[in-house]
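S.K.:
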């Protein structure tokens, strides 16, 4: 994500959403986010990224046929909904986002998923800014699949500022995705999709 605007943003959320609509009309590959007061460009995912989301989607549907892992659904996040993020996946009940448009409420999301890419600011965005923003939004589980570090981080128990519990396992180990997800995730297949 390239920083376009500094921390003390002069954009309102409505202005950002209009900018994002214009950007995607101009270039379909241009996907913007507005996290921590900064506008950034999110990299277009590659085939390995897509395969990970496909794999995780199948596991979630096997656990509960009413669930769907929505790829790239825009969410309003952070305290008082001042931010906009496009997680790689948002787990929610099927039909949750009907009628909400491009930027939906995160209130009914059970889990957000990010698949760390190799772009320059992955460390700041996926490992620092987004966990805080997702915790502020009260998202129950944040799953970070980190292909650079070959590990999975499960963030849970948001307290409105941060996640109180973070569990990290290397690819190849199993990890529990806590309630409301309640799935045991065998991360062995992830070894095949590291770049």
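In this note's numbering, the protein residues as written are 132 to 326. Every residue gets a Cβ at the ideal spot worked out from N, C-alpha and C, and that includes glycine.
1) Quick check on residue 232: does DSSP put it in helix, strand or coil?
2) What is the rounded straight-line gap between the Cα of residue 224 and the Cα of residue 237?
3) Using DSSP bridges, identify the partner residues of residue 226.
4) Excluding the five sequence neighbours on either side, which residues of its own chain have a C-beta within less than 6 angstroms of the C-beta of residue 312, listed in chain order?
5) Looking only at DSSP bridge pairs, what is residue 317 linked to?
6) Could you compute how far the alpha carbon of residue 325 sits from the alpha carbon of residue 319?
7) Alpha helix (DSSP H) containing residue 209: first to last residue?
8) Between residue 322 and residue 306, what straight-line distance do the alpha-carbon atoms span, to the nearest angstrom?
9) Please classify residue 220: does DSSP put it in a helix, a strand, or coil?
10) Is residue 262 helix, strand or coil when you go by DSSP?
11) Quick one: grab the DSSP three-state call for residue 278.
12) Just to check my reading of the structure: residue 220 and residue 200 have Cβ atoms closer than 8 angstroms, yes? What is that Cβ distance to the nearest angstrom?
13) Comparing C-alpha positions only, which one of 258, 206 and 230 sits nearest to residue 275?
14) With a threshold of 7 angstroms on Cβ separation, who are the neighbours of residue 288 within its own chain once the five nearest residues in sequence on each side are excluded?
15) Can you round the beta-carbon distance between residue 180 and residue 246 to whole angstroms, since I take them to be within the 8 angstroms contact cut?
16) So, at 6 angstroms on beta carbons, what are the nonlocal neighbours of residue 286 in its own chain, with the 5 sequence-adjacent residues on each side left out?
M.R.: With the given structure in hand:
1) One-based indexing of the chain shown puts residue 232 at position 101. DSSP places residue 232 in coil when its eight states are reduced to three.
2) Taking the chain shown and counting its residues from 1, the one referred to as residue 224 is at position 93. Taking the chain shown and counting its residues from 1, the one referred to as residue 237 is at position 106. So the two alpha carbons sit approximately 12 angstroms from each other.
3) On the chain shown, residue 226 is found 95 positions in, with the first residue counted as 1. Bridge partners of residue 226: none, in fact.
4) The residue labelled residue 312 in the question sits at position 181 within the chain shown. Same-chain partners within the cutoff: 241, 242 and 272.
5) The sequence position of residue 317 within the chain shown is 186, counting from 1. The bridge partners DSSP lists for residue 317 are 305.
6) Numbered from its first residue, the chain shown carries residue 325 at position 194. Numbered from its first residue, the chain shown carries residue 319 at position 188. Between residue 325 and residue 319, the C-alpha separation is close to 11 angstroms.
7) Within the chain shown, residue 209 is the residue found at index 78, counting from 1. Element bounds for residue 209: n/a, residue is neither H nor E.
8) Within the chain shown, the letter at position 191 stands for residue 322. Within the chain shown, the letter at position 175 stands for residue 306. Going from the Cα of residue 322 to the Cα of residue 306 covers about 15 angstroms.
9) Locating residue 220 in the chain shown gives position 89, counting from the first residue. Residue 220 sits in a strand when the DSSP states are folded into three classes.
10) Within the chain shown, residue 262 is the residue found at index 131, counting from 1. In the structure shown, residue 262 sits in a helix (DSSP, three-state: H, G or I).
11) Position 147 of the chain shown, counted from the start, is the residue given in the question as residue 278. Reduced to three states, the DSSP call for residue 278 is coil.
12) One-based indexing of the chain shown puts residue 220 at position 89. One-based indexing of the chain shown puts residue 200 at position 69. Contact between residue 220 and residue 200 holds: CB atoms are separated by about 4 angstroms, below the 8 angstroms threshold.
13) As a working mapping, residue 275 is identified with position 144 in the chain shown. Looking only at 258, 206 and 230, the smallest Cα-Cα distance to residue 275 is reached by 258.
14) Working through the chain shown from its first residue, we reach residue 288 at position 157. The residues are 294, 295 and 296.
15) Here residue 180 corresponds to residue number 49 of the chain shown, with the count starting at 1. Here residue 246 corresponds to residue number 115 of the chain shown, with the count starting at 1. Contact between residue 180 and residue 246 holds: their C-beta atoms lie close to 5 angstroms from each other, under 8 angstroms.
16) Counting from one through the chain shown, the residue named residue 286 turns up at place 155. Around residue 286, the same chain offers 262, 273, 294 and 297 as residues with beta carbons nearer than 6 angstroms, after the five sequence neighbours per side are excluded.
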